[in-house]
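Remarks on the structure that follows.
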Amino acid sequence: MAEAKPEEISHPPMEQLQGFEYCIDSNPPWGEAIILAFQHYILALGTAVMIPAVLVPMMGGDDGDRVRVVQTLLFVTGINTLLQSLFGTRLPTVIGGSYAFVIPIVAIIQDSSLAAIPDGHERFLETMRAIQGALIVSSSIQIILGYSQLWGIFSRFFSPVGMAPVVALLGFGLFERGFPVVGRCVEVGLPMLILFVVLSQYLKNVQIKDIPVLERFSLFICIALVWAYAQILTSGGAYKNSTEVTQINCRTDRANLISSAPWIKIPYPLQWGAPTFNAGQSFGMVSAVLVSLIESTASYKAAARLASATPPPAHILSRGIGWQGIGILLDGLFGTGTGSTVSVENVGLLGSTRIGSRRVIQISAGFMIFFSMLGKFGALFASIPFTIFAAVYCVLFGLVAAVGLSFLQFTNMNSMRNLFIVGVSIFLGLSVPEYFFRYTMAAQRGPAHTKAGWFNDYINTIFSSPPTVGLIVAVFLDNTLETKDAGNDRGLPWWARFRSFKGDSRNEEFYSLPFNLNRFFPPA
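Everything in the sequence shown is counted per numbering that gives the first Met the number 0, starting at 0 for the first residue and increasing by one.
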């Protein structure tokens, strides 16, 4: 057998992913765009339903309160997504609810002055107002770091070696929401996982009128088929004698969303009453805002790659963080019950469909706003068992993690320095949050439990986030360990071009503001 030539066993680095028929600034036909957008809307429902399902009962709310919070969260998600895609980074990202805010929100729920309120609905309202106040105050952190360009300045310490583990941990760190949830209802989750992989990958070349329908619309097709299958199991009495946990995860009629939802309800600011403000609660919420900032930064890097765009320059990154801060402010004003971040699953869907079009995401934002006002119709789709979403997450989170690892192509991975940084940051990024999670499950409180509640929230929130731990470790090591003459190994010659807006001519095509607004807000 002839010896392979070097060019046959190596692959040159590629700044933009290939194989995308529609990238960030190109648009599919309107019919395709609407179906693709509806897929993003359906996918965003998973988080929009799950976070209120966990928090609202703890706050003392009933099914009606939970439905209103879901509607509000979905409504504000649509607004924030439109703002981000028009005036922020302009990347095709969905800005939805964030799990990073759960720890400080639970601390507010458990506050003695709120927990002592005997009436459940009154306790829900008072707790929601306290959460609103903390979100409004803490949102100023992202607004200041974004619009002052401070986050852009800090991002100059990033390199491909430092960011690869952070973006990878964005996907790997969410493994708890993957197969562990699928396992709660294997007869529904496993068929969904297998069907989604088969249709989106093995049968992706099946075309109808030159459109690869199974690749682009596999999520919609799979959810429709498996949801119908789950409905048959439910109606046939398959879970009649099952445990409560199995029924919650498998049945299609346990969400109680449709019966509790109004026909038409338009969310509006201060609908729960005037927010209340507490310094300690606001300081604690700042930790979640910082985690959201880091996770969103990693998501923007991944979304840019999956939209076949160049990495967002420092100015664009800061602009996006500033608008995300405004998004968290809107969360506080409307009362969504949590803060905002970039939806990782929707970033993964860009890669699964190989459609990175900005217009698709903007149309999906329209769906979110529309169906959040039509309560019954929105509640119908929101009643999809979460196990179905978890099966899809197994694929989409893995895709995002792989995108993070793809940044290593611009570095020298024959360098022991780089191997050390990548290996240690990924391992600690998974191991440290797992320790915090197991400790919390066993002790019903985080490892940090001093008398200063805000300090506890800081430590427990920051070190429960895999991308945040990964960024702390990777960026520190990358900027302190053998940095002399390591620029080429770190991938800086490639990375440096994308630090400024004018460093690459393609940036103007991808990131310029609409309506010729760059005349008034020129990028640096």
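For every residue, glycine included, the Cβ atom is placed at its ideal position computed from N, Cα and C.
Endpoints, the alpha helix (DSSP H) within which residue i is located
| i | result |
| --- | --- |
| Gly-347 | 343–352 |
| Gly-336 | Looking at the DSSP string, Gly-336 is not in any alpha helix (DSSP H), and its letter there is neither H nor E. |
| Gly-403 | 385–405 |
| Cys-22 | Cys-22 -> no alpha helix (DSSP H), and no H or E assigned at all. |
| Ala-52 | 29–58 |
| Pro-164 | 159–171 |
| Leu-476 | 465–479 |
| Leu-213 | 212–215 |
| Glu-507 | 505–510 |
| Pro-103 | 101–108 |
| Met-412 | No alpha helix (DSSP H) holds Met-412; DSSP gives it neither H nor E. |
| Trp-150 | 149–153 |
| Ile-249 | Rather than Ile, the amino acid found at residue 249 in this sequence is Cys. Run containing Cys-249: 243–249, per the alpha helix (DSSP H) assignment. |
| Gly-87 | No alpha helix (DSSP H) holds Gly-87; DSSP gives it neither H nor E. |
| Asp-252 | Asp-252 -> no alpha helix (DSSP H), and no H or E assigned at all. |
| Gly-236 | Where Gly-236 is concerned, there is no enclosing alpha helix (DSSP H), given that its DSSP letter is neither H nor E. |
| Gly-355 | From DSSP, Gly-355 is part of no alpha helix (DSSP H); its letter is neither H nor E. |
| Gly-487 | Residue identity differs from the one stated: residue 487 is Asn in this sequence, not Gly. Counting along the chain, the alpha helix (DSSP H) containing Asn-487 begins and ends at 486–489. |
| Ala-301 | 278–305 |
Rounded C-alpha distance that separates residue i from residue j
| i | j | result |
| --- | --- | --- |
| Asp-252 | Asp-477 | 51 Å |
| Leu-440 | Asn-204 | Just to set this straight, residue 440 is Met in the shown sequence, not Leu. Cα to Cα, the separation comes out at about 45 Å. |
| Ile-461 | Gln-230 | 40 Å |
| Ala-106 | Ser-382 | 28 Å |
| Phe-153 | Gly-445 | 29 Å |
| Ala-287 | Gly-96 | 12 Å |
| Arg-122 | Gly-272 | 13 Å |
| Leu-329 | Val-285 | 16 Å |
| Tyr-21 | Ala-401 | 21 Å |
| Ser-504 | Val-181 | 45 Å |
| Pro-261 | Leu-194 | 34 Å |
| Gly-145 | Ala-129 | 25 Å |
| Tyr-238 | Ile-23 | 45 Å |
| Val-48 | Pro-27 | 29 Å |
| Glu-508 | Ile-140 | 30 Å |
| Asn-506 | Phe-178 | 38 Å |
| Trp-226 | Lys-450 | 47 Å |
| Leu-169 | Ile-116 | 38 Å |
| Thr-410 | Ala-301 | 17 Å |
Boundaries (first-last residue) of the beta strand (DSSP E) holding residue i
| i | result |
| --- | --- |
| Gly-445 | First-last for Gly-445: undefined, no H or E at that position. |
| Gly-96 | 94–96 |
Pair within 8 Å by beta-carbon distance, residue i and residue j
| i | j | result |
| --- | --- | --- |
| Ser-464 | Ala-99 | yes |
| Gly-338 | Val-55 | no |
| Val-421 | Leu-407 | yes |
| Val-160 | Asn-417 | yes |
| Val-244 | Arg-183 | yes |
| Gly-331 | Ile-135 | yes |
| Ile-320 | Leu-289 | no |
| Gly-87 | Trp-322 | yes |
| Val-474 | Gly-428 | no |
| Phe-388 | Gly-45 | yes |
| Leu-16 | Ser-307 | yes |
| Ile-33 | Phe-216 | no |
Residue environment, residue i, which counts as buried when at least 16 other CB atoms sit within 10 Å
| i | result |
| --- | --- |
| Gln-70 | buried |
| Met-0 | Note that Met-0 has pLDDT 49, beneath the 50 cutoff, so the model's placement of it is unreliable and no number is given. |
| Lys-208 | exposed |
| Lys-264 | buried |
| Phe-436 | exposed |
| Glu-125 | buried |
| His-314 | buried |
| Trp-29 | exposed |
| Asn-413 | exposed |
| Pro-432 | buried |
| Lys-501 | exposed |
| Leu-149 | exposed |
| Asn-487 | exposed |
| Pro-268 | exposed |
Residue from the options whose Cα sits closest to the Cα of residue i
| i | options | result |
| --- | --- | --- |
| Leu-305 | Ile-354, Leu-289, Thr-335 | Ile-354 |
| Gln-200 | Ile-383, Ile-263, Arg-437, Gly-350 | Gly-350 |
| Tyr-457 | Val-165, Gly-170, Phe-282, Val-75 | Phe-282 |
| Phe-156 | Leu-427, Val-472, Asn-79 | Val-472 |
| Phe-19 | Ile-425, Ser-356, Ile-34 | Ser-356 |
| Asn-79 | Met-13, Ala-43, Glu-433 | Ala-43 |
| Met-13 | Arg-358, Pro-521, Trp-493, Leu-373 | Trp-493 |
| Gly-326 | Val-197, Gly-486, Phe-419, Ser-295 | Ser-295 |
| Ser-258 | Leu-512, Lys-300, Arg-65, Asn-506 | Arg-65 |
| Ser-111 | Ser-234, Gln-280, Leu-404 | Gln-280 |
| Phe-366 | Tyr-40, Ser-298, Ile-94, Val-225 | Tyr-40 |
| Val-101 | Leu-113, Leu-82, Phe-385, Met-57 | Met-57 |
| Ser-138 | Thr-92, Asp-62, Thr-340, Ile-33 | Thr-340 |
| Asn-277 | Arg-498, Ser-84, Leu-113 | Leu-113 |
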